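**Q**
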Amino acid sequence: MERSAMAEKTGKILRTSQSSSKKKNTKSQTQPIPRDITFEILLRLPAKSIVRYRAVSKLWSYITTTPSFIKNRAALSPPCVLLIFRKHEKLVVFSSPLHQNTYSYEGSYQITVPDNNGYIRRFDSVHGLILLEGTKHLVIWNPTVKRFFPLPELHGTEGEYFVGGFLGYEPIEGKYKVLCIFRGWNTQVLTLEAQESWRVANKGAFVHWPTKDCGRCINGVIYYKAFGLALRHAIISFDLRSEEFKVIEFPMLDYDRYLMVSYEGSLGFVSSINAMVEIWSLKDAESQMWSYRRFLLSPSPSISLRGVTDAGELIYTERSLNGSLCVVYIDPMKNTTKETKFLGASGEVWRPELLGFDLVNDFSVLPNHVESFLS
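Residue numbering for the sequence shown follows UniProt numbering, beginning at 1 and increasing consecutively.
(1) In angstroms, rounded to a whole number, what distance separates the CA positions of residue 299 and residue 282?
(2) Assign residue 56 to buried or exposed, taking buried as 16 or more other Cβ atoms, counted over all protein chains shown, within 10 Å of its Cβ.
(3) Check residue 313 in the structure and name its three-state DSSP category.
(4) Can you tell me which of the three DSSP states residue 72 falls into?
(5) In this structure, how does DSSP classify residue 391 when only helix, strand and coil are distinguished?
(6) Using DSSP bridges, identify the partner residues of residue 284.
(7) So, under 8 angstroms CB-CB, residue 284 and residue 368 are touching, yes? Tell me the CB distance rounded to an integer number of Å.
(8) I need the DSSP call for residue 67, collapsed to helix, strand or coil.
(9) Helix or strand or just coil, what does DSSP make of residue 111?
(10) Within a Cβ cutoff of 8 angstroms, which residues of the same chain sit near residue 26, ignoring the five residues on either side of it in sequence?
(11) Mapping DSSP to helix, strand and coil, what is residue 213?
(12) Mind reading off the beta-carbon distance from residue 147 to residue 134? Whole number of angstroms is fine, and I expect it under 8 angstroms.
(13) Could you have a look at residue 234 and say whether DSSP puts it in helix, strand or coil?
(14) What is the rounded straight-line gap between the Cα of residue 141 and the Cα of residue 252?
(15) Beta carbon of residue 154, beta carbon of residue 139: below 8 angstroms?
(16) Is DSSP giving residue 254 helix, strand or coil here?
(17) How far does the alpha helix (DSSP H) with residue 52 in it reach, from first residue to last?
(18) If you drop the 5 nearest sequence neighbours on each side, which residues of the same chain put their C-beta closer than 8 angstroms to that of residue 204?
(19) Can you grab the Cα-Cα spacing for the pair residue 198 / residue 275, in whole Å?
(20) Among 126, 249, 130 and 181, which one has its Cα closest to the Cα of residue 219?
(21) Do residue 43 and residue 72 have their beta-carbon atoms positioned less than 8 angstroms apart in this structure?
(22) For residue 188, report the span of its beta strand (DSSP E) as first-last.
(23) Excluding five sequence neighbours on each side, which residues of the same chain lie with their C-beta closer than 8 angstroms to the C-beta of residue 294?
(24) Alpha carbon to alpha carbon, what distance is there between residue 341 and residue 38?
(25) Let's see if you can read the secondary structure: which residues bound the beta strand (DSSP E) around residue 145?
(26) Which residue from 249, 221 and 250 puts its Cα closest to that of residue 242?
(27) Using the C-alpha atoms, what's the distance from residue 325 back to residue 413?
(28) Between the C-alpha atoms of residue 51 and residue 174, what's the straight-line distance to the nearest angstrom?
(29) Spatial neighbours of residue 249 within its chain, please: CB distance less than 8 angstroms, with the 5 preceding and 5 following residues excluded, ordered by chain position.
(30) DSSP three-state label for residue 86, please.
(31) Identify whether residue 338 lies in helix, strand or coil by the three-state DSSP scheme.
(32) Give the secondary structure of residue 24 by DSSP, where H, G and I count as helix, E and B as strand, and everything else as coil.
(33) Kindly list the residues whose CB is nearer than 6 angstroms to the CB of residue 201, restricted to its own chain and excluding five residues on each side of it in sequence; keep chain order.
(34) Between residue 384 and residue 206, what straight-line distance do the alpha-carbon atoms span, to the nearest angstrom?
(35) Buried or exposed: where does residue 86 fall if 16 or more other Cβ atoms within 10 Å of its Cβ makes it buried?
(36) Between residue 366 and residue 69, which are expected to be in contact by the criterion C-beta below 8 angstroms, what is the C-beta distance as a whole number of angstroms?
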């Protein structure tokens, strides 16, 4: 509430300064706020206010779309967990705070996906942007500014079908890239910048087919599960700087029961069955050295593992929608538990099962999401 009031007050100051600077007075004229001060003020506003103020002034719009603003704002943005319910082209989006044990009103809204995308098969969330993999096209979605950006058609793929698309972020150069695999052998990359187009990426490439699981981008490397003609099920890594493919063997045999996650800044696999939680973490990709941890916890049998936060908390949601929408966070190292319940617009606990949603087919959980003003 205090932050909202501050935003309105700050916006009034900015608007007053802008209008005052346009008024010519023979005796005195109010000086506009210096650009660096305006930058700092805008940087600390809530996301909704920044998006709204972009339409007020060309200067403010320019400032909030510069690489420097986008980078600094992302550093100030606390990570959250996005919960997305999907019904045809409609998405209902909730934002779950990571450091509160509370009811949450924040970040809930509905949005419509462009109807030319076909059925959405998967969401990949990377550094504030989300890749929607549809049956027809690949689309980038920015939940902060609530806009969709269809990607251009790939080169030389007429009559072919793509079997996997993955979004990545290279932190050194600050660039987003999309990797797409057609028919298992045609691999292409697109850098998300103006005037860029798809190009072939074949360094270390070989015939393989990604599974339906989501990929993970960690420290500038995309990881995903795949299989191939001369390859049993394995992990494929794609370095976004060198654009080179490599194969990593699974550390366990029963990999199907493990969820691929980002764990403590490394690739990880987590399994939660009854009271047993097992975590594999890749310590050295070159030597393929893994660490293994096992914890005895007591999560409710009615909840299932959905992901892991950057802080190492396990994210659980209900197995069935027979009550309120609730997210449980369990820290296996500290043996602590937090819980967030979601409220609808009227303030009542939100009941997704009353709207016909299905946790298996209509529900996605995206950990470690941050704000992004990239447009």
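A virtual CB, placed ideally from N, CA and C, is assigned to each residue, including glycine.
In this text the structure is predicted, and so the values were computed from the model without any measurement.
**A** In short, the structure shows the following:
(1) Cα-Cα distance, rounded: 26 angstroms.
(2) exposed
(3) Residue 313 falls in the coil class under three-state DSSP.
(4) helix
(5) The structure shown does not extend to residue 391, since the chain is modelled only from 1 through 375, so no value can be given for it.
(6) Paired residue(s): 289.
(7) The pair is not a contact, with the Cβ atoms about 23 angstroms apart (cut-off 8 angstroms).
(8) helix
(9) strand
(10) Reliability fails at residue 26, whose pLDDT of 46 lies under 50, so the model's placement of it is uncertain and the value that follows must be treated cautiously. The answer is none, since no qualifying residue turns up.
(11) coil
(12) Not really, about 16 angstroms apart at Cβ, beyond 8 angstroms.
(13) strand
(14) 34 angstroms
(15) no
(16) coil
(17) 47–53
(18) 244, 245 and 246
(19) 47 angstroms
(20) 126
(21) yes
(22) 186–191
(23) 276, 277, 278 and 279
(24) 37 angstroms
(25) Counting along the chain, residue 145 falls outside any beta strand (DSSP E), and DSSP gives it neither H nor E.
(26) Among 249, 221 and 250, the Cα nearest to that of residue 242 belongs to 221.
(27) Residue coverage of the chain in this structure runs from 1 to 375, which leaves residue 413 outside it and unanswerable.
(28) When rounded, the distance between both Cα atoms is 22 angstroms.
(29) 234, 235 and 288
(30) strand
(31) In the displayed model, residue 338 falls within a strand according to three-state DSSP.
(32) Low local confidence applies: a pLDDT of 48 at residue 24 is under 50, so the model's placement there is unreliable, with the coordinate-based value given in what follows. Residue 24: coil per DSSP, three-state reduction.
(33) 187, 189 and 243
(34) Not covered by the structure: residue 384. The range shown for the chain is 1 to 375.
(35) Label assigned to residue 86: buried.
(36) So it is not a contact: roughly 24 angstroms between Cβ atoms.
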